[in-house]
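First residue of the sequence shown: 5, per this note's numbering; consecutive thereafter. Written below as structure tokens is the structure these notes are about.
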Amino acid sequence: MKPATLMTTLAFGLTAAILLACNPNRGKNGNSGEPSTVTVDRGQQQGIPYKLSSGQKINLPDELLEISGITFIEGEDDHIYAIQDEQGLLFTYNLTTQKATYTPFGKDGDYEDIASSKTHLFILKSNGTIYSFPISEKDNIKAVTEQKDLVPKGEYEGLFVDKSTNQAYVLCKECKADKKQPQTSGYMFTIGPGGGLSPRGEFAVQIDELKKFNPKIKKTFRPSALAKKLDSNEWYILSSVDKALVVTDDHFHVKSVTTLDPKLFPQPEGITFDSKFNLYISSEAGSQDKGIIYKFEKI
């Protein structure tokens, strides 16, 4: 892999597409490894403690072209754990060496998000099925638990585990129930000692609240990932379809909507925080030739 080129944010409103096209050190297959600077539409950023106009870009190896969910394991800020939406593989990406390894956990399938408790890793399939296994087995996964019929039929892409309460949250991308009322539904679960999930309740993001911040969101909102920023008790909800980063309070009332530049985020489908509450967003390659992770340091 070739070392990445450090790009500084240019004045006079040059778009990121021009920056990438004009980078003389960018090889045919793209950069990989070391971070570079990215640019996001400044005019659309609203009330978040991250400078989305300047972050670090990490180009990922070919195995992660279709990267979807990302998470950290407690005490391991130097490794990102990831999945991609075609194969049943758990990827470990070393942020220091820029190397990825993987361990099989299941058959090929449409896997959308990953989350970790203090003892287990959880992986969400698009049909709502959740797979879990002990963190201690992450390098040699054997005891995988498959839990079906936890949520109504639909398409799901968002999963988060709150380690402070030991509860899991699943957010619908497209569900039949939401066609009857302007909202996006979610479901809460209590995590048992062995990683089993028990229903605890429901929640919803209201479309009318989203429309106040972004009129382009009309009848539906299709989230692709969510994560909780525990130092502020705010939810960060990512939507690839709507190219938006939504922030809500602890009860899912909308506080802000930030538009994401599709040139930089072709298919943003993963979001997480490290222990210092730096923000990470992953994006599938789309029309680009590398899967991407962006890191935005907390201001």
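All C-beta atoms in this analysis are idealised placements derived from N, C-alpha and C, irrespective of residue type, glycine included.
Which of the three DSSP states, helix, strand or coil, is assigned to residue i?
i	result
ILE139	helix
GLU301	coil
ILE241	strand
GLU78	coil
PHE217	helix
ALA181	helix
ASP253	coil
GLU38	Since pLDDT at GLU38 reaches only 49, below the 50 mark, its modelled position is unreliable, and the value read off the structure follows with that caveat. Coil.
ASP293	coil
ILE52	coil
LEU69	coil
ASP235	coil
Between residue i and residue j, which are expected to be in contact by the criterion C-beta below 8 Å, what is the C-beta distance as a whole number of angstroms?
i	j	result
ILE165	PHE109	It is worth fixing the name first, because residue 165 is Val in this sequence and not Ile. Contact doesn't hold; Cβ gap of about 16 Å is too wide.
HIS255	GLY199	At roughly 27 Å, the Cβ-Cβ gap does not stay under 8 Å, so HIS255 and GLY199 are not in contact.
LEU64	ILE297	6 Å
ALA86	PHE95	4 Å
SER57	GLU116	The pair is not a contact, with the Cβ atoms about 29 Å apart (cut-off 8 Å).
LYS167	SER202	Actually they do not touch by this definition, with Cβ atoms about 17 Å apart.
Quick one, which of the options has its alpha-carbon nearest residue i's?
i	options	result
GLU159	GLY190, ALA172, LEU268 and TYR106	GLY190
ILE285	SER291, LYS247 and GLY51	LYS247
GLU161	TYR97, ALA289 and ILE74	ILE74
GLY196	PHE269, PHE300, GLN171 and LEU268	GLN171
GLN102	LYS61, ALA289 and ASN237	LYS61
ILE275	ILE211, LYS167, VAL250 and TYR135	VAL250
PRO266	SER168, HIS257, PHE207 and LEU242	LEU242
GLY290	PHE277, PHE269, SER279 and LYS280	PHE269
LEU382	PRO53, LYS220, ILE134 and HIS257	The structure shown does not extend to residue 382, since the chain spans only 5 to 303, so no value can be given for it.
What is the rounded straight-line gap between the Cα of residue i and the Cα of residue j?
i	j	result
VAL148	LYS111	12 Å
PRO240	LEU175	According to the sequence as given, residue 240 is Tyr; it is not Pro. About 12 Å.
GLU150	LYS142	16 Å
GLN271	SER244	5 Å
LYS157	ILE303	40 Å
GLY47	PHE137	Any reading at GLY47 is ruled out, since the residue's pLDDT is 35, under 50, leaving its predicted position unreliable.
ALA181	THR194	23 Å
ILE139	LYS259	34 Å
LEU69	GLY59	20 Å
THR252	GLU238	6 Å
LYS299	ILE118	18 Å
THR224	VAL209	10 Å
CYS179	GLN185	11 Å
LEU234	ASN282	12 Å
PHE217	VAL261	6 Å
THR169	GLY92	28 Å
ILE211	SER228	16 Å
Residue i: beta carbon under 7 Å from a heavy atom of the ligand NAD?
i	result
SER120	In the structure shown, the ligand NAD is absent, as is every other ligand, since no ligand is present at all.
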